[in-house]
Amino acid sequence: MLNTAIWNVRGLNRRDHQVAVRDLVTEFKLHFIALLETRVLPSNVYRLQTGLLSRWRWFVDYSGPGNRIWIAWNDDFIDVDILDIVDLPWLVGEDFDAVLDISEVSGASGDIRVAMNEFNDCILQTGLISIPMQGERFSWHNCSTDGRSLWKRLDRMFVNDAWMERWPNLFYTSLTLRTSDHSPFVLKGDSRDVQGLLGGDRTDRVLDLYYLRPWARHILTEEEACALIRPVTSDDVKTTLFDIEEDKAPGPDGFS
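With our numbering as the guide, the letters of the sequence shown map in order to residues 4 to 259.
Pasting the structure below:
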């Protein structure tokens, strides 16, 4: 099971928001992250992605208004395919802008009953299953300083039946607020769910490896192997130097 996070960052243009994303990836050793409400213009996408997680792969959907959702993954560990319909285990998590129960609100709020009922009906009709959450009870705060503090659980994760059958013991953690008014969510694999890979009998290992095969990255493709032994060009050297992050110090020779 991969370490995954979903976070409504409320903008990625600010430096402190970018640093917070990198810190989250490092702290929880993430393999995959989904960022919501990035609010980045198409002309700034490459620059921000290069500085944010330069060695990761990215997918950004600019086909619709809002330019909100970015996903990134470490392709040293996983390969990702963007699909429209799939019958495999899947997870959905985001800021739903609604609560499921009145107990998920703390503070003075307007009438939320219509949105709450519509949200419950949607979950029932789609067959989504809520997975257990630990950590902070509320995932959003209005950041009020005038005494009108309002907390809500607007963000959450759901899965389908196939996911629950495969990973029944998983839960996610709602972290304390950082640079956004929404909490980051982190989903980490349960060691009991990978026991077959680590110490189960031969049958368990074969089943687990067979299940993971669609996502398992080949050690090296033929193209990658050829790239490792080809001559190094001046363009390769230039590209490598320009890809070094600004906060990295050079080696004794001034370059490495």
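Just so you know, even glycine gets a beta-carbon here, dropped at the ideal spot from N, CA and C.
As the structure is a computational prediction, the values presented were derived from the model and not from experiment.
So the alpha helix (DSSP H) residue i belongs to, where does it begin and stop?
i	result
Arg58	Careful: Arg58 lies outside any alpha helix (DSSP H) and carries neither H nor E.
Leu27	18 to 30
Trp166	164 to 169
Buried or exposed: where does residue i fall if 16 or more other Cβ atoms within 10 Å of its Cβ makes it buried?
i	result
Asn16	exposed
Asp98	buried
Arg71	buried
Ile232	exposed
Lys241	exposed
Arg50	exposed
Ser260	Beyond the ends of the chain as shown, which are 4 and 259, falls residue 260; an answer cannot be given.
Leu210	Any reading at Leu210 must be qualified, since the residue scores a pLDDT of 36, below 50, and its modelled position is unreliable; no value is offered.
Ile105	exposed
Ile85	exposed
Tyr65	exposed
Ser147	exposed
Ala37	buried
Ala165	exposed
Trp73	buried
Phe62	exposed
Leu27	buried
Asn77	buried
Trp41	Note on residue identity: the sequence assigns Thr, not Trp, to residue 41. It counts as buried.
Val12	buried
Leu44	exposed
Going by DSSP, what residues sit across from residue i in a beta bridge?
i	result
Arg159	Glu97
Asn11	Leu39
Met119	Beta-bridge pairing links Met119 to no other residue.
Ile134	Paired residue(s): none; Ile134 is not in a bridge.
Leu190	Thr7, Tyr175
Ser106	Answer by DSSP bridge pairing: none, since Ser106 is not bridged.
His144	Trp154
His185	Trp143
Which two residues bound the contiguous beta strand (DSSP E) that contains residue i?
i	result
Ala75	73 to 76
Give the C-beta separation of residue i and residue j to the nearest angstrom, bearing in mind that I take them to be a contact with Cβ-Cβ under 8 Å.
i	j	result
Ala111	Arg140	Ala111 to Arg140, Cβ: 18 Å. No contact.
Asn6	Leu33	5 Å
Val95	Ile132	Their Cβ separation, rounded to whole angstroms, is 10 Å, which puts Val95 and Ile132 out of contact at 8 Å.
Leu157	Trp143	5 Å
Ile126	Met160	Not confirmed; about 12 Å, so no contact.
Phe31	Val189	5 Å
Ser177	Met136	6 Å
Less than 8 Å between the CB of residue i and some heavy atom of the ligand ZN, yes or no?
i	result
Leu39	In the structure shown, the ligand ZN is absent, as is every other ligand, since no ligand is present at all.
Inset, instruction - Check whether the segment 105 to 124 touches the segment 54 to 63, taking contact to mean three or more Cβ pairs, one atom from each stretch, closer than 8 Å. - result: With fewer than three CB-CB distances shorter than 8 Å, the segment 105 to 124 does not count as touching the segment 54 to 63.
Inset, instruction - Kindly confirm or deny that the segment 12 to 30 and the segment 178 to 185 touch, where touching means at least three C-beta pairs closer than 8 Å. - result: yes
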